[in-house]
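Everything on this sheet refers to the single structure shown next.
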Amino acid sequence: MNAKQLKEEVRTHIDGAVDELVELSRQIHSSPETAYREVRAAAWVSDLLERGGFRVQRGAGGLETAFVATSKGAESGPAIALIAEYDALPGVGHGCGHNLIAAGAVGAALGLQAVMPRLGGVLQVFGTPAEECAFEPGGKIRLLEAGVFQGVDACLMFHPWTATQLVGSDLAVAVLDISFQGKAAHAAADPWRGANALDGVLLTYMNINALRQHVKSDVRIHGIVTHGGGAPNVIPERASARFAVRSIDKEYLRQVVGRIEDCVQGAALATSTKVVVEKIATIENTLPNRLLESVVRSNLVAEELEFEEGVFIAGSSDFGNLSQRLPSYWFMLKTHPSHVNWHSKEAALEAISDDAHFAMLTGAKVLAMSCIDLFLDPALVRRAREEFEGERKP
Ligand SMILES: [Zn+2]
Numbered sequence: 010m011n012a013k014q015l016k017e018e019v020r021t022h023i024d025g026a027v028d029e030l031v032e033l034s035r036q037i038h039s040s041p042e043t044a045y046r047e048v049r050a051a052a053w054v055s056d057l058l059e060r061g062g063f064r065v066q067r068g069a070g071g072l073e074t075a076f077v078a079t080s081k082g083a084e085s086g087p088a089i090a091l092i093a094e095y096d097a098l099p100g101v102g103h104g105c106g107h108n109l110i111a112a113g114a115v116g117a118a119l120g121l122q123a124v125m126p127r128l129g130g131v132l133q134v135f136g137t138p139a140e141e142c143a144f145e146p147g148g149k150i151r152l153l154e155a156g157v158f159q160g161v162d163a164c165l166m167f168h169p170w171t172a173t174q175l176v177g178s179d180l181a182v183a184v185l186d187i188s189f190q191g192k193a194a195h196a197a198a199d200p201w202r203g204a205n206a207l208d209g210v211l212l213t214y215m216n217i218n219a220l221r222q223h224v225k226s227d228v229r230i231h232g233i234v235t236h237g238g239g240a241p242n243v244i245p246e247r248a249s250a251r252f253a254v255r256s257i258d259k260e261y262l263r264q265v266v267g268r269i270e271d272c273v274q275g276a277a278l279a280t281s282t283k284v285v286v287e288k289i290a291t292i293e294n295t296l297p298n299r300l301l302e303s304v305v306r307s308n309l310v311a312e313e314l315e316f317e318e319g320v321f322i323a324g325s326s327d328f329g330n331l332s333q334r335l336p337s338y339w340f341m342l343k344t345h346p347s348h349v350n351w352h353s354k355e356a357a358l359e360a361i362s363d364d365a366h367f368a369m370l371t372g373a374k375v376l377a378m379s380c381i382d383l384f385l386d387p388a389l390v391r392r393a394r395e396e397f398e399g400e401r402k403p
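What the sequence shown shows, in my numbering, is residues 10 to 403, in sequence order.
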């Protein structure tokens with residue numbers, strides 16, 4: 010059977026699953042669960058894949074709301090992974106449209122399942138919780154640490170957006186918690202006995218502002234004071250701040266974080282306080298695999314989608330960490346009208362529109378057709394790996 014026939018068959022199966030897929034999307038959307046609490050969503054997605062013939066390992070990597078669904082082909086071949094996200098934003102619901110990511114990945118998987126007995130290789134769907142969590146490591150980071158992605162040759166995903174775009178670059182981000190420990194004293198009677206932790210935080214803020222002129226233009230540094238003392242007549246003995254630092258390059262980000270740590274130490278020295286800097290999360294920038302991108306591009310064209318090339322995404326995702334460990338590619342899919350503000354209630358409302366669901370189905374087809382191209386031509390997967398090995402920085 011040739012590629013064209015296989016693709017037609019998969020397309021028909023995806024179209025045939027439309028009711029189940031839209032129901033899954035609506036179900037996840039109607040009971041939004043935030044990072045690491047996606048108990049119902051993970052179960053619904055797992056159940057549907059299991060009914061479709063996948064072997065599902067729930068609680069993968071020791072994370073209650075993660076899973077790995079596997080379907081083996083007739084013979085050996087590449088291991089291709091699709092990513093399903095399903096977490097919501099606190100207070101906003103599905104304002105990032107992750108219900109569509111889950112339904113799209115399942116759609117592609119169920120379509121491919123119909124032809125897996127005629128393909129060589131392994132198809133896996135990874136249920137990755139907690140993408141929306143800036144203040145602790147996201148699900149993909151924890152699953153990478155647990156070795157869950159071992160053996161995967163290539164990884165694909167789409168993300169809902171207001172335009173269809175091939176991702177050229179995005180931002181790496183590090184989140185730092187900075188805690189100053191000073192010494193309390195009466196602010197009027199004997200302030201000379203005290204050490205002012207709040208001054209430590211404020212000087213840190215000023216030092217970082219002085220640093221801004223001397224970093225590359227892609228760097229973003231944004232922070233808040235998370236504790237500034239208890240009462241004005243007491244020298245604050247404890248004060249803390251949280252900063253996020255971003256750059257398009259994780260190596261340069263590392264250097265900037267080092268400079269920020271110097272800013273913090275300078276503030277501690279000036280105020281005779283002690284300080285602890287804790288890195289609570291590091292999201293790496295995406296390393297878009299160009300070979301996988303070319304496969305996705307040809308299938309965007311085949312599905313007659315209009316798209317932009319090489320787009321810079323001014324955001325961060327733990328998909329970046331994945332892309333730094335194995336050949337990966339994600340693209341943005343136009344599921345929402347152009348005027349919608351992202352991460353808003355309006356975006357959440359649009360994430361279950363008919364247009365969004367139609368786009369999700371098309372996205373599922375792009376993913377599935379790309380997988381077929383990779384299964385049928387394992388040399389492509391090898392080339393993606395070679396590119397990855399050549400590009401990856403130590
Ligand atoms: Zn998202």
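Using N, Cα and C, we set each Cβ at its ideal position, and we do this for glycine too.
Using a threshold of 8 Å, state whether the C-beta atoms of I289 and E140 are closer than that. Within the sequence shown, numbered from 1, the residue matching residue 289 stands at position 280. Within the sequence shown, numbered from 1, the residue matching residue 140 stands at position 131. Cβ distance not < 8 Å, so I289 and E140 don't count as in contact.
Taking the C-alpha atoms as reference points, what is the distance between A406 and L180? This structure does not reach residue 406, given that the chain is present from 10 up to 403, and the question cannot be answered.
Continuous beta strand (DSSP E) stretch holding S40: start and end: Along the sequence shown, one-based indexing puts residue 40 at 31. Taken as a continuous stretch (DSSP letters only), S40 belongs to no beta strand (DSSP E), as it is neither H nor E.
Limits of the unbroken alpha helix (DSSP H) element including E395: Residue numbering aside, residue 395 sits at position 386 when the sequence shown is read from its first letter. Residues P387 to E400.
Closer than 8 Å to chain B by CB, D186: As a matter of chain content, chain B is missing from the structure shown, which is built from one protein chain.
Under the three-state DSSP convention, the category V27 falls into: Position 18 of the sequence shown, counted from the start, is the residue given in the question as residue 27. The answer is helix: DSSP assigns V27 an H, G or I state.
Quick one: any contact between the stretch 161-181 and the stretch 106-114, if contact means 3 or more CB pairs under 8 Å? yes
Is the beta carbon of S55 closer than 8 Å to that of G136? As a position in the sequence shown, residue 136 is number 127, starting the count at 1. As a position in the sequence shown, residue 55 is number 46, starting the count at 1. Yes, the Cβ-Cβ distance between G136 and S55 is below 8 Å.
Would you call the stretch 325-341 and the stretch 353-366 touching, i.e. three or more CB-CB distances under 8 Å? Touching, no.
Under 7 Å Cβ to Cβ from Y261, same chain only, skipping five residues before and after it: list those, please. Translated into the one-based positions of the sequence shown, residue 261 becomes position 252. Closer than 7 Å at the Cβ level, and outside the excluded window around Y261, lie K225.
Measuring alpha carbon to alpha carbon, tell me which residue in S362, E359 and L342 is nearest T371. Numbered from its first residue, the sequence shown carries residue 371 at position 362. With distances taken between Cα atoms, T371 lies closest to L342.
Here's the rule I'm using: 16 or more other beta-carbon atoms within 10 Å means buried, otherwise exposed. How should S379 be labelled? One-based indexing of the sequence shown puts residue 379 at position 370. Using a 10 angstroms sphere on the CB of S379, the tally of other CB atoms reaches 16 or more, which defines it as buried.
Secondary structure of I89, DSSP reduced to three states: On the sequence shown, position 80 is the one that residue 89 refers to. In the structure shown, I89 falls within a strand segment according to DSSP collapsed to helix, strand and coil.
Sort V101, R202, F384 and L57 by Cα distance to T43 and report the nearest one. Residue mapping note: residue 43 aligns to position 34 of the sequence shown, counting from 1. Nearest C-alpha to T43: V101.
Residue range of the unbroken beta strand (DSSP E) whose run includes W170: The count along the sequence shown starts at 1 and reaches residue 170 at position 161. Counting along the chain, the beta strand (DSSP E) containing W170 begins and ends at A163 to W170.
Identify which residue in K283, K259 and A253 has its Cα closest to the Cα of I269. In the sequence shown, counting from the first residue as 1, residue 269 sits at position 260. Measuring from the Cα of I269, the nearest candidate turns out to be A253.
When you compare only the Cα positions, how much space is there between A377 and A51? Here the question's residue 377 lines up with position 368 in the sequence shown. Here the question's residue 51 lines up with position 42 in the sequence shown. Each residue's alpha carbon lies about 21 Å from the other.
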